[in-house]
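Presented below is the structure to which this report refers.
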Amino acid sequence: MSPYEHAFDHKATLSVSVEPSEALTVIGLHGALDYTTLAVFQERVHSVFADREPPGLVIDLSETEFCDSTGLSALVAVHRRLSRPETQLALAGAAGVIARLLRLTQLDQLFRCYETREAATAAVTELAAGEPPAAHP
36 MSPYEHAFDH
46 KATLSVSVEP
56 SEALTVIGLH
66 GALDYTTLAV
76 FQERVHSVFA
86 DREPPGLVID
96 LSETEFCDST
106 GLSALVAVHR
116 RLSRPETQLA
126 LAGAAGVIAR
136 LLRLTQLDQL
146 FRCYETREAA
156 TAAVTELAAG
166 EPPAAHP
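Counting from 1, position 12 in the sequence shown corresponds to residue 47 in my numbering; the numbering is continuous, with no gaps.
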């Protein structure tokens, strides 16, 4: 199904994986991040922040098939939710239409964006430790 066909599919689903560690938490999105799946995303993000704010956060979009303006707003809300200025946040794996949306809305200027989860986690870990990242693609 193309991203454009997905916009008319009201049976969109989203599963959210959360992988916490001492240095950072990775939130993986699998499916569609849109108005029909927003509650699922918000619930999982709330659970990440329930105990403590992680020192670093990576949102992995590599398996995200679709994202609408509601989804983009949800990503911005996560950024705004960070209460400590030293908390590092990055997006990983945004490709195709989602990468284009981030560029068109200039959200690629708000978020550190990396091609892979591995690159994002390495950079966020270094930044959270107070070191400059090796490279910022």
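For each residue, glycine too, the CB sits at the ideal point set by N, CA and C.
Just confirm the distance between the C-beta atoms of residue i and residue j, as a whole number of angstroms; I'd bet it's less than 8 Å.
i, j, result
"proline 89", "valine 83", "7 Å"
"glycine 128", "glutamate 100", "With 8 Å as the limit, glycine 128 and glutamate 100 do not qualify as a contact, their Cβ atoms being about 12 Å apart."
"aspartate 95", "valine 61", "6 Å"
"leucine 107", "threonine 140", "6 Å"
Per DSSP, what are the beta-bridge partners of residue i in this structure?
i, result
"leucine 73", "BP columns for leucine 73 are empty, so no partner."
"valine 53", "Ile62"
"alanine 67", "Phe101"
"leucine 107", "Its beta-bridge partners do not exist; DSSP assigns none."
"valine 93", "Val61, Ala125"
Rounded to whole angstroms, what's the CA-CA distance from residue i to residue j? Just pull it up for me.
i, j, result
"glutamate 121", "valine 93", "14 Å"
"glutamine 144", "glutamate 54", "25 Å"
"aspartate 69", "valine 159", "26 Å"
"valine 111", "alanine 155", "18 Å"
"leucine 59", "glutamate 153", "12 Å"
"glutamate 173", "serine 50", "It is not possible to answer for residue 173, since the shown part of the chain is limited to 36 through 172."
"arginine 147", "glycine 91", "12 Å"
"alanine 109", "alanine 163", "23 Å"
"glutamine 123", "alanine 85", "17 Å"
"glutamate 98", "leucine 64", "6 Å"
"glycine 66", "aspartate 103", "12 Å"
"threonine 105", "histidine 114", "14 Å"
"glutamine 137", "alanine 47", "A small correction: the amino acid at residue 137 is leucine; glutamine does not occupy that position in the sequence shown. Roughly 21 Å between the two C-alpha positions."
"alanine 134", "alanine 125", "13 Å"
"alanine 130", "threonine 71", "21 Å"
"phenylalanine 76", "alanine 157", "24 Å"
"leucine 73", "serine 52", "15 Å"
"glutamate 13", "arginine 119", "As shown, the chain starts at 36 and ends at 172. That puts residue 13 outside it, with no answer to give."
"glutamate 166", "arginine 87", "22 Å"
"glutamate 161", "leucine 142", "22 Å"
If we require 3 or more residues per run, which beta strand (DSSP E) segments fall completely within the segment 118-164? List check, beta strand (DSSP E) in window: 123-127, 147-149.
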